[in-house]
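Read top to bottom, the protein sequences are chains E and D.
Take any residue in the first sequence, note its place counting from 1, add 2, and you have its number in my numbering.
Take any residue in the second sequence, note its place counting from 1, add 11, and you have its number in my numbering.
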Amino acid sequence: MIHPVLLIAIPLFFAFLLPLISLWSKKSLPYVTTAVMGLNTIIAILVFLEAMKAPIFDIIGGFQPPLGIVLMVGPLGGFLAMIINTAALIISIYSMEMKKEPLLKYYMLTLLLLMGTNGMVLTGDIFNLFVFLEVTSIASYGLASYNKDLKGFEGALKYVILGSIGSTFVLIGIALIYSQLRTLNMLDIARRLGEMDPYTKIVAFASLFLGFGVEAEMFPLNTWVPETYDGAPHPVTAMFSSMSAKSGIFALARVIFTIFAFANYLWFVVIMGLLTVFFGEIVAYVQKDIKRMLAYSSIGQMGMIIMGLGIGTTIAVEGAFFQMFSHAMGKALLFIAAGYMIYAAQTEKMSEMKGIGRNPLIGIPLLIGILSIMGMPPFIGFYGKFYILMGGFSQGYYAIIALFLAASIVEIAYYARFIKIVFQPSTKNYPAPRSTVYVPLILFAIIIVLFGVYPQPVFEVLKHVAAFLAGGA
Amino acid sequence: MKRAVAAILAILIFIVLGLAFAKIPFGNVNLEDYHYYNPIQDKQTSDSVPAHYLKEGKNETGSTNIVTAVVVDYRGFDTLGEVTVLFLASTGVGSVMYIFEKEKRRKVRRANAVVETASKLLFGFIILFGAYIFVHGHLTPGGGFPGGAVIASSFLLLYLAYPKFHAEHKSLNVAESLAGLTFVGVGLIGLLVASYFLYNFLPFGLPTYLFSAGVIPIIYVAVGVKVGSELTGIVDAMMGVRE
């Protein structure tokens, strides 16, 4: 039997080992990191295949839950862990572009970010979830300020303030639950939720929702996103959108469905999601800097996922999970492409990037990524949006559907404008991309097209959403 | 004006929070025993989790100090996470405070003779005390975190007394890495031996003796060394280059 705990232990072990390796050979650090992430991806695939048969319970320390900690990996958790590890592997190829010192700290922080996000997705214990939330967010603070310029510090400081308030709220929520139920295991809490004082239950839910909302980029807790994404190094931005945001949203789904077992329409989650979509898409429309535009667009996409979770029918939550997959792949691609464009055009202004996409190595993956994020068939972005819409439609929430589509039109408008600029004929000469740039772009594009044309395997996974909604692993 | 608005808003927030938390009972109002539910074996017991820790803690972990039993054994995975959090904090500080060659050096005055002499005398004793705290973590109150903090405070004393003092980065990093590897390594050995990560695979021995509680003392020594070297590293990074 394969142990999911290896997904957490291996990156941690190598994060501790890297300082010793760097004494011996400093040049091997990026290759070791990539190799570790490759190993992790293989283990994640094995864990996922095992979890598809039956949920895995990996007991830590030999104490039966709820006395000890248990990792609880269902099909969806395994699926998300696989997405996160694959994205980390592909982004780590782009990370080799990183030249700024101290490189040792950079690779340690990326490994620990991977460990934290894996832990958040895999754990079945609510306090353990908090610990991994801390690991994820503190690794993110370090990476966000890595450039050591004014923009980086501004973004990191905003993130530190909001992130610490968020994790404090999570801790308050956990303390409230523990004070009443004397347990920290998620399934144990879900089973005995009825014993809780109803008032305490609401306050605890609100605290947890707020706390994980910061990491999941929910309005109005997402003011850190644009500055942090803008100021962070380019590979780190890709990691934020495809790793930490995904683990935050999965933690939110755990709180809503596994712990509190809300199985029907949650109006205020839907409204928060809608507000997030509108805030993100409309502000993205007026942005002139490429990374800021992508950051706001990322907020909009996360809002769609939150909406899908809030509608709460099986179809809508299937859509939300599909959207997590497509957003993780598509946004990582776009941020890597944006990193190259900023490097090639020497500026962040989109108006200065005329004709940069006419190099097919950049242009074709970029076009695939944008069309997927816009929600065009036959790319993976289509299914997520479509299923969220279907979920709302089947329940008759026409007003919400109309607003959702209106926001999508805004999204299409600004991405179309971006496409027009990037593919315009121009006389400017841009430096050719190195293989560390175009290989990850092409890999992401292949995944997007492959699962867009042939989505059956993903739907096979999403069949388990019904069990997840019913309070399973 | 701005300040007045901010103050009023802050007061309002505190009133709302106060009202929200006023209705919530903290702690056990009715002292009836809770029960818990084991999701894997689908069993319900008539015992609460804290009561189980108090009753069975000594037998199941061999640790005399029940707090240590919970922190290192029952919830050892959380402790591994917390150690990682501190490791991250020190790595993050090291990355943010990274000193480039060109940066200018700060001038520092010498401390007076009393501080210099006394810190030399105290240094060894403080380290000894810190080591005692984490070595006896499974027997008496204390453990890896406070012990490591005490050790780091002895280095802080040296930094304050001697302007030119510098802990060597390489040895700090090596100590930190080896301690971390020990913790994860113990966990992985447990995974190999009993297929439980962080399993307490050593014999428990007699409670209340130094060599008891299986792997708990090993983990606490590792945590102590790790916390000590990490906090020293943070102090060192924040002091900057001095002359």
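Glycine included, C-beta positions come from ideal geometry on N, C-alpha and C.
Asked: Does chain D have any CB closer than 7 angstroms to the CB of E:T185?; Found: yes
Asked: Restricting to Cα atoms, I'd like to know which of E:V439, E:N42 and E:K101 is closest to E:N361.; Found: E:V439
Asked: For E:I128, does the count of other Cβ atoms within 10 angstroms reach 16, so buried, or fall short, so exposed?; Found: buried
Asked: List the residues that DSSP assigns as beta-bridge partners of E:F59.; Found: E:M74
Asked: E:H236: which of E:S374, E:K333 and E:G302 sits nearest, CA to CA?; Found: E:K333
Asked: According to DSSP, is E:Q289 helix, strand or coil?; Found: coil
Asked: Looking at E:G175 and E:A206, is the spacing between their C-beta atoms short of 7 angstroms?; Found: yes
Asked: Who are the Cβ neighbours of E:G76 in its own chain at under 7 angstroms, not counting the five residues just before and after it?; Found: A53, P57, H466, F470, G474 and A475
Asked: Please classify D:P36 as buried or exposed, where buried requires at least 16 other C-beta atoms within 10 Å of its C-beta.; Found: exposed
Asked: What runs of the beta strand (DSSP E), each 3 residues or longer, lie entirely inside the segment 405-445 of chain E?; Found: none
Asked: Report the residues of the segment 99-114 of chain E with a CB closer than 8 angstroms to any CB of chain D, ordered along the chain.; Found: E103, P104, K107, Y108, M110, L111 and L114
Asked: Using only CA atoms, which one of E:F59, E:F259, E:M352 and E:L212 lies nearest to E:M295?; Found: E:M352
Asked: In the DSSP assignment, the alpha helix (DSSP H) including E:G118 goes from what residue to what residue?; Found: L105 to L124
Asked: Relative to the C-alpha of E:A240, which candidate in E:L116, E:V257 and E:G394 has its C-alpha closest?; Found: E:L116
Asked: Would you mind listing the alpha helix (DSSP H) stretches within the segment 330-378 of chain E that are 4+ residues and don't spill past its ends, in chain order?; Found: 362-376
Asked: CB E:L20 to CB E:N42, shorter than 7 angstroms?; Found: no
Asked: Which runs of the alpha helix (DSSP H), 4 residues or longer, sit entirely within the segment 214-295 of chain E?; Found: 226-233, 236-241, 247-255 and 269-287
Asked: Is the beta carbon of D:Y85 closer than 7 angstroms to that of E:F65?; Found: yes
Asked: D:P228 lies in the alpha helix (DSSP H); which residues open and close that run?; Found: I227 to M250
Asked: If contact means a Cβ-Cβ distance below 8 angstroms, which residues of the segment 193-223 of chain E contact chain D?; Found: R193, R194, D199, Y201, T202 and V205
Asked: For E:F337, count neighbouring C-beta atoms within 10 Å of its own C-beta (all shown protein chains included) and say buried if the count is 16 or more, exposed if not.; Found: buried
Asked: So, E:M122 versus E:F134, is the Cβ gap smaller than 7 angstroms?; Found: yes
Asked: Apart from the five residues just before and just after E:Y416, which ones in its own chain have a Cβ nearer than 7 angstroms to its Cβ?; Found: A286, Y287 and M295
Asked: Residues of chain E with CB closer than 7 angstroms to the CB of D:P50, please, in chain order.; Found: P67, N187, L189 and D190
Asked: Going by beta carbon distance, what residues of the same chain come within less than 7 angstroms of E:F425, once the five residues before and after it are set aside?; Found: G359, R360 and G365
Asked: With distances taken from CA atoms, which of E:G63, E:V72 and E:A347 is nearest D:V226?; Found: E:G63
Asked: Could you spell out where the alpha helix (DSSP H) holding E:N130 opens and where it closes?; Found: I128 to A146
Asked: Would you call the segment 168-185 of chain D in contact with the segment 196-212 of chain D, where contact means no fewer than 3 C-beta pairs closer than 8 angstroms?; Found: no
Asked: Tell me which residues of the segment 81-93 of chain D have at least one Cβ-Cβ distance to chain E shorter than 8 angstroms, keeping chain order.; Found: D84, Y85, R86, G87, F88, D89, L91, G92 and E93
Asked: Report the partner residues of D:K54 according to the DSSP bridge assignment.; Found: D:N49
Asked: Short of 6 angstroms in beta carbon distance, which residues of its chain neighbour E:I2, apart from the five on each side in sequence? Order them along the chain.; Found: Not covered by the structure: residue 2 of chain E. The range shown for chain E is 3 to 475.
Asked: Taking Cβ positions only, does D:L42 come closer than 7 angstroms to chain E?; Found: Summary for D:L42: the model assigns pLDDT 49, below 50, so the residue's position carries little reliability; its value from the coordinates is reported in the next sentence. With 7 angstroms as the cut-off, D:L42 does not count as an interface residue toward chain E.
Asked: Just the Cα atoms here: how many angstroms apart are D:A17 and D:L23?; Found: 10 angstroms
Asked: Would you say D:A21 reaches chain E, if we count a Cβ-Cβ gap shorter than 7 angstroms as a contact?; Found: no
Asked: Please check the pair E:S299 and E:E413, which I expect to be a contact at CB under 8 angstroms, by giving their CB distance rounded to whole angstroms.; Found: 7 angstroms
Asked: Per the DSSP calculation, E:G187 is bridged to which residue(s)?; Found: Before going further, note that residue 187 of chain E is Asn rather than Gly in the sequence given. In DSSP, E:N187 forms a bridge with E:D127.
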